[in-house]
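Taking it in order: structure first as structure tokens, then the write-up.
In full-length UniProt numbering, the protein residues as written are 1 to 117.
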């Protein structure tokens, strides 16, 4: 069981693009303690069961499955894609705002230069 959970932790962490240190921080444990959980060398994952499920946004059943199901991957990757799409939308709006500000500034500079002549 420890090995299964450890493998799942490693897969989930990589899907979420988190470091071992970041996950350990979320669980309020040392990085070395988390590494032992990922390696299947520790049963301490059991005492952090609920928090692990919250961090990785999975059900308890998914954490202890021999193999994480395709739906788990799709859900996690789908969530990541939605986040990326939302971030891209925000970035595009910010860029558009700066482009408009640059146009306004160019207009102001033109008027100031005309006033000098």
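Backbone N, C-alpha and C define an ideal beta-carbon position, used for all residues, glycine too.
Q.
Which residue marks the beginning of the alpha helix (DSSP H) containing residue 37, and which one marks its end?
A. Taken as a continuous stretch (DSSP letters only), the alpha helix (DSSP H) holding residue 37 covers 31-39.
Q: Measure the C-alpha to C-alpha separation of residue 61 and residue 96 and round it to an integer number of angstroms.
A: Near 45 Å, if we compare the C-alpha coordinates of residue 96 and residue 61.
Q. Out of curiosity, what's the CA-to-CA distance linking residue 169 and residue 20?
A. What the structure shows of the chain is the stretch from 1 to 117, and residue 169 is not part of that stretch, so it cannot be assessed.
Q. Quick one: what's got a C-beta closer than 6 Å to residue 45's C-beta in the same chain, skipping five residues either side?
A. Hits under 6 Å: 5 and 37.
Q.
Determine whether the beta carbon atoms of residue 59 and residue 2 lie at a separation below 7 Å.
A. No Cβ-Cβ contact shorter than 7 Å links residue 59 with residue 2.
Q: Quick one: grab the DSSP three-state call for residue 65.
A: Annotated three-state conformation of residue 65 is coil, per DSSP.
Q) Relative to the alpha-carbon of residue 53, which residue among 31, 88, 41 and 16 has its alpha-carbon at the smallest distance? A) Taking each of 31, 88, 41 and 16 in turn and checking the Cα distance to residue 53, the smallest one comes out for 16.
Q: Compute the Euclidean distance between the alpha carbons of residue 114 and residue 107, then round it to the nearest angstrom.
A: Residue 114 and residue 107 have their C-alpha atoms some 11 Å from each other.
Q. Taking DSSP as the reference, what is the three-state secondary structure of residue 19?
A. Coil, per DSSP.
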